[in-house]
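Note sheet for the following structure.
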Amino acid sequence: MSAIEVAGLSIDGPHGRLVHGIDLRVEAGEAIGVVGESGSGKSLTLKAIIGLLPRGVRIAAGTVTTSGRLGMVFQDPLSALDPLTTVGNHVIEICRHVRGMSRSAARARAVELFTEVGLPDPVARLRSYPHQLSGGQRQRVVLAIALAAEPEILLCDEPTTALDVTVQAQVLALIETLRRDRGLTVVFVSHDLAVVSQVCSSVVVMEAGRVVERGSTAQVVTAPEHPYTRSLVDAVLEVPRPGEPALTHPGDAR
Amino acid sequence: MNESTPRLEVRGLQVSYGSTPVVHGVSFAVPAGSVVGVVGESGSGKTTVARVIAGELDPTAGAVMLDGSALGHRTRELRRAIQVVYQDPFSSLNPRMTVSQVLSELLRVHKMVPRARVRDRCVELMELVRLPVSVLDAYPRQLSGGQRQRVAIARALVLSPRVLVADEPTSALDVSVQRTVLDLLADLQRTLGLTVVLITHDLAVVHRLCDRVVVMRAGEVVEDAPAQEFFAGPRTAYARDLLDAAPRLTTTARTGSTGSTARTAAPR
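This is the structure we're talking about:
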């Protein structure tokens, strides 16, 4: 059985249809990317999977089946965290209420999770408030919170868009490590095909509420079939790697 | 003016917010007609430097030189000479004014063209930034992010500035829209011979547009090199890390190795 199975999913908003009958199947342990621009329906699809559609937006047709506990990582860690609660308590509460742990066991688990997501000085971090952390540290906390419920499926909605590139690279590497070590199933939504190509083995391209192309990342990136996908591939600007043959002068490229 | 005098020069710039120093002696030069990219992560001080150049913030020490003379009090002429395109075009455009009103007001106040020519000039500006003339009668909320940023570029160009400061001009846009706005900036820069200071965290943007790269970290310049040299191999470890972390199209999802880039893996 697949970890996620979406069949004929249509989503309606107050002013009409937003997502038009899409199908999506994600196997356990797989990382799949959903790429598209603002308004393509990629985030709504993700929210429909976890059941967090905004008010006034509803599933009009189709089914969503998931097997396994879900966790979600949001784009903006500052608005995903309660500013008046320490980051430690965010994790401890979930361990206690979702996992039924005792207070001390939950605290110990929080330290383990902070260690796992690579927060420096995890014991001291428990007492930090969100505003005291950097953007990258906050996103690690959000990951730790998502992991506290011991999910089998991790849904990521533009989790690195708000981060600096070096921090982005670290968070992407962390998500990949978690997928490998915990066997997590990952659905990664982003407008940036380059970012998706670094964590996902297959890609679904959405435009205006429809899936226009799907396939392995290698195939979609090197031989896009749909014109829209081609425009997304072309939109990724090249950054040379030092040591590679010199490229044409910027501006002459293609 | 000596021919080798840079159009814009930043000399020993120091800036503090309250008692916290954030920029510690930054210097770089921008020759006329060139694009210099100031790159750094959050907190590097790059936007602070941009704000000083734009005259929005006074440095505690150091100077900004325009064509060889230090900028002190900004006269109307000097404010016209340096124009800024901001990251978020929605908050930098007045929501109650149509595009035509924004542009005409500037044209009239700064007496850029005779009154009778104002409308014609607005139409020319729309053509310059490749927007349909109908956009002139639209309010910012009726425009897409990419269209708004084109309007912001038109507004900056209205006054024929000597220096254009672009502060993360494409960071708030979708990748595909980013590309078209960058292409527009590159074309305008070439055809109009603009001098541009481009503030960004994105090395892909620098590679597309810039002749020179200034890397900032924690309020200091750590590297300043011609773009070609920089991308061939940065000298500092920090700049190498930045270059390494830039997201690239990969055909193999991260599996411990770095993976090959799409274009080298594509069939030849």
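Going line by line, the protein sequences match chains A and B.
Note that the first sequence covers residues 1321 to 1574 in my numbering.
Note that the second sequence covers residues 5 to 272 in my numbering.
Virtual Cβ for every residue (Gly too), placed ideally from N, Cα, C.
Check your understanding: Residues of chain B with a CB under 7 angstroms from the CB of residue 1396 (chain A): which are they?
Key -> Here residue 1396 (chain A) is taken as the residue at index 76 of the first sequence, counted from 1. Taking a Cβ-Cβ cut-off of 7 angstroms, residue 1396 (chain A) has no neighbours in chain B, whose nearest Cβ is about 13 angstroms from it.
Exercise for review: Note down, in chain order, every chain A residue with its Cβ under 8 angstroms from the Cβ of residue 245 (chain B).
Suggested key: Position 241 of the second sequence, counted from the first residue, corresponds to residue 245 (chain B). 1486, listed in chain order.
Practice item. Would you give the residue range spanned by the alpha helix (DSSP H) that residue 243 (chain B) belongs to? Key: Position 239 of the second sequence, counting from 1, holds the residue named residue 243 (chain B). That run of the alpha helix (DSSP H) goes 241 to 249.
Review point. Does the beta carbon of residue 237 (chain B) come closer than 9 angstroms to any beta carbon on chain A?
Key: Translated into positions along the second sequence, residue 237 (chain B) becomes position 233. Chain A, which has a Cβ nearer than 9 angstroms to the Cβ of residue 237 (chain B), makes this yes.
Review point. Using DSSP with H/G/I as helix, E/B as strand and the rest coil, what is residue 1575 (chain A)?
Key: A question about residue 1575 (chain A) goes unanswered here, because the residues of chain A that appear run from 1321 up to 1574.
**Study point:** Under 9 angstroms between C-beta atoms of residue 166 (chain B) and residue 57 (chain B)
**Key:** Locating residue 166 (chain B) in the second sequence gives position 162, counting from the first residue. Locating residue 57 (chain B) in the second sequence gives position 53, counting from the first residue. No. Outside cutoff.
Point to revise | Near-chain B residues of the region 1551 to 1565 of chain A - C-beta to any C-beta below 9 angstroms | key: 1551, 1552, 1553, 1554, 1555, 1556, 1557, 1558, 1559, 1560, 1561, 1562, 1563, 1564
Exercise for review: Just confirm the distance between the C-beta atoms of residue 1487 (chain A) and residue 1401 (chain A), as a whole number of angstroms; I'd bet it's less than 8 angstroms.
Suggested key: The residue labelled residue 1487 (chain A) in the question sits at position 167 within the first sequence. The residue labelled residue 1401 (chain A) in the question sits at position 81 within the first sequence. In fact, because the Cβ distance is near 17 angstroms, the residues do not count as touching under 8 angstroms.
Point to revise | Beta-bridge partners of residue 1527 (chain A), as assigned by DSSP | key: Position 207 of the first sequence holds residue 1527 (chain A). Bridge partners of residue 1527 (chain A): A:1530.
Practice item. Starting from the C-beta of residue 197 (chain B), find all residues in its chain whose C-beta is less than 6 angstroms away, skip the five residues before and the five after it, and write them out in chain order. Key: Taking the first residue of the second sequence as position 1, residue 197 (chain B) is located at position 193. Hits under 6 angstroms: 37.
Check your understanding: From which residue to which residue does the beta strand (DSSP E) around residue 13 (chain B) run?
Key -> Position 9 of the second sequence, counted from the start, is the residue given in the question as residue 13 (chain B). It spans 12 to 21 - the beta strand (DSSP E) in which residue 13 (chain B) sits, taken as one unbroken run.
Check your understanding: In or out: residue 217 (chain B) buried (at least 16 other Cβ within 10 Å) or exposed?
Key -> Position 213 of the second sequence holds residue 217 (chain B). So residue 217 (chain B) ends up on the buried side.
Point to revise | For residue 1540 (chain A), the nearest candidate out of A:1560, A:1562, A:1516 (CA to CA) | key: For this step, residue 1540 (chain A) is matched to residue 220 along the first sequence. Nearest C-alpha to residue 1540 (chain A): A:1516.
Exercise for review: Assign residue 289 (chain B) to one of two classes, buried (16 or more other C-beta atoms within 10 Å of its C-beta) or exposed (fewer than that).
Suggested key: Because residue 289 (chain B) is not part of the residues shown, which for chain B are 5 to 272, the question remains open.
Point to revise | Extent of the continuous alpha helix (DSSP H) run through residue 87 (chain B) | key: Against the second sequence, residue 87 (chain B) aligns to sequence position 83. From DSSP, residue 87 (chain B) is part of no alpha helix (DSSP H) but of the beta strand (DSSP E) over 86 to 89.
Review point. Mind checking if residue 182 (chain B) is an interface residue toward chain A, Cβ cutoff 9 angstroms exclusive?
Key: Looking up residue 182 (chain B) in the second sequence gives position 178. Using a Cβ-Cβ cut-off of 9 angstroms, residue 182 (chain B) counts as an interface residue toward chain A, since at least one Cβ of chain A sits closer than that to its own.
Point to revise | alpha helix (DSSP H) runs wholly inside the region 1365 to 1444 of chain A, at least 4 long, in chain order | key: For the region 1365 to 1444 of chain A, whole alpha helix (DSSP H) runs of length 4 or above, ordered along the chain, are 1397 to 1400, 1407 to 1417, 1423 to 1436.
**Study point:** Any 3 or more C-beta pairs closer than 8 angstroms across the region 1369 to 1377 of chain A and the region 1452 to 1466 of chain A
**Key:** No, because fewer than three Cβ pairs between the region 1369 to 1377 of chain A and the region 1452 to 1466 of chain A fall closer than 8 angstroms, the two stretches do not touch.
Review point. Okay, do the region 1471 to 1478 of chain A and the region 1502 to 1517 of chain A touch, 3+ Cβ pairs below 8 angstroms being the bar?
Key: yes
Review point. What is the residue span of the alpha helix (DSSP H) that residue 216 (chain B) lies within?
Key: To locate residue 216 (chain B), count along the second sequence from 1; it is residue 212. Segment 216 to 221 is the beta strand (DSSP E) holding residue 216 (chain B); no alpha helix (DSSP H) there.
Practice item. Would you tell me roughly how many angstroms separate the C-alpha atoms of residue 1573 (chain A) and residue 1557 (chain A), rounded to the nearest one? Key: Here residue 1573 (chain A) refers to the residue found at position 253 of the first sequence. Here residue 1557 (chain A) refers to the residue found at position 237 of the first sequence. Because residue 1573 (chain A) carries a pLDDT of 41, less than 50, the predicted location of this residue cannot be relied on, and the following value inherits that uncertainty. So the two alpha carbons sit approximately 10 angstroms from each other.
Exercise for review: Within 10 angstroms of the Cβ of residue 270 (chain B), are there 16 or more other Cβ atoms? Answer buried if so, exposed if not.
Suggested key: Indexing the second sequence from 1 puts residue 270 (chain B) at position 266. Only weak support exists for where residue 270 (chain B) lies, its pLDDT of 35 falling under 50; the coordinates are left without a value.
Review point. Can you tell me where the alpha helix (DSSP H) with residue 1501 (chain A) in it begins and where it stops?
Key: As a first step, residue 1501 (chain A) must be located in the first sequence, where it is residue number 181. Here the alpha helix (DSSP H) through residue 1501 (chain A) covers 1485 to 1502.
Check your understanding: Can you tell me the Cα-Cα spacing of residue 1464 (chain A) and residue 1433 (chain A), whole angstroms?
Key -> The residue given as residue 1464 (chain A) occupies position 144 in the first sequence. The residue given as residue 1433 (chain A) occupies position 113 in the first sequence. So the alpha carbons of these two residues sit roughly 6 angstroms apart.
**Study point:** Three-way DSSP call (helix, strand, coil) for residue 1558 (chain A) in this model
**Key:** Your numbering for residue 1558 (chain A) matches position 238 in the first sequence. DSSP places residue 1558 (chain A) in coil when its eight states are reduced to three.
Point to revise | Contained alpha helix (DSSP H) runs [length at least 4] in the region 16 to 66 of chain B, N- to C-terminal order | key: 50 to 57
Review point. Nearest CA to the CA of residue 29 (chain B): which residue from B:92, B:68, B:11, B:46?
Key: Numbered from its first residue, the second sequence carries residue 29 (chain B) at position 25. Among B:92, B:68, B:11, B:46, the Cα nearest to that of residue 29 (chain B) is on B:68.
Point to revise | Listed by chain order, chain B residues near residue 1501 (chain A) by CB distance under 7 angstroms | key: Along the first sequence, one-based indexing puts residue 1501 (chain A) at 181. Under the 7 angstroms cutoff, chain B gives no residues; its nearest Cβ is about 12 angstroms from residue 1501 (chain A).
Review point. Just the Cα atoms here: how many angstroms apart are residue 157 (chain B) and residue 78 (chain B)?
Key: Position 153 of the second sequence, counting from 1, holds the residue named residue 157 (chain B). Position 74 of the second sequence, counting from 1, holds the residue named residue 78 (chain B). Taking the straight line joining both Cα atoms gives about 22 angstroms.
Review point. Distance, Cα to Cα, residue 1331 (chain A) vs residue 1380 (chain A)?
Key: Taking the first residue of the first sequence as position 1, residue 1331 (chain A) is located at position 11. Taking the first residue of the first sequence as position 1, residue 1380 (chain A) is located at position 60. The straight-line gap from Cα to Cα measures roughly 5 angstroms.
Practice item. Taking 9 angstroms as the cut-off, decide whether the C-beta atoms of residue 137 (chain B) and residue 122 (chain B) are in contact. Key: In the second sequence, counting from the first residue as 1, residue 137 (chain B) sits at position 133. In the second sequence, counting from the first residue as 1, residue 122 (chain B) sits at position 118. The answer is no: Cβ separation not under 9 angstroms.
Practice item. Answer yes or no: does any C-beta atom of chain A fall closer than 9 angstroms to that of residue 274 (chain B)? Key: The first residue shown for chain B is 5 and the last is 272, placing residue 274 (chain B) beyond what the model contains.
Point to revise | Extent of the continuous beta strand (DSSP E) run through residue 1586 (chain A) | key: Residue 1586 (chain A) falls outside the range modelled here, since chain A spans only 1321 to 1574, and no answer is possible.
Point to revise | Contact list for residue 250 (chain B) against chain D, beta-carbon separation under 8 angstroms | key: Here chain D cannot be found, since the structure's protein chains are A and B.
Exercise for review: Quick one: residues in its chain with C-beta nearer than 8 angstroms to the C-beta of residue 1376 (chain A), no 5 flanking neighbours on either side, listed in chain order?
Suggested key: What you label residue 1376 (chain A) is simply residue 56 of the first sequence in a count that begins at 1. Contacts found: 1333, 1334.
Review point. Using DSSP with H/G/I as helix, E/B as strand and the rest coil, what is residue 1447 (chain A)?
Key: By one-based count along the first sequence, residue 1447 (chain A) stands at place 127. In this structure, residue 1447 (chain A) counts as coil in the three-state DSSP scheme.
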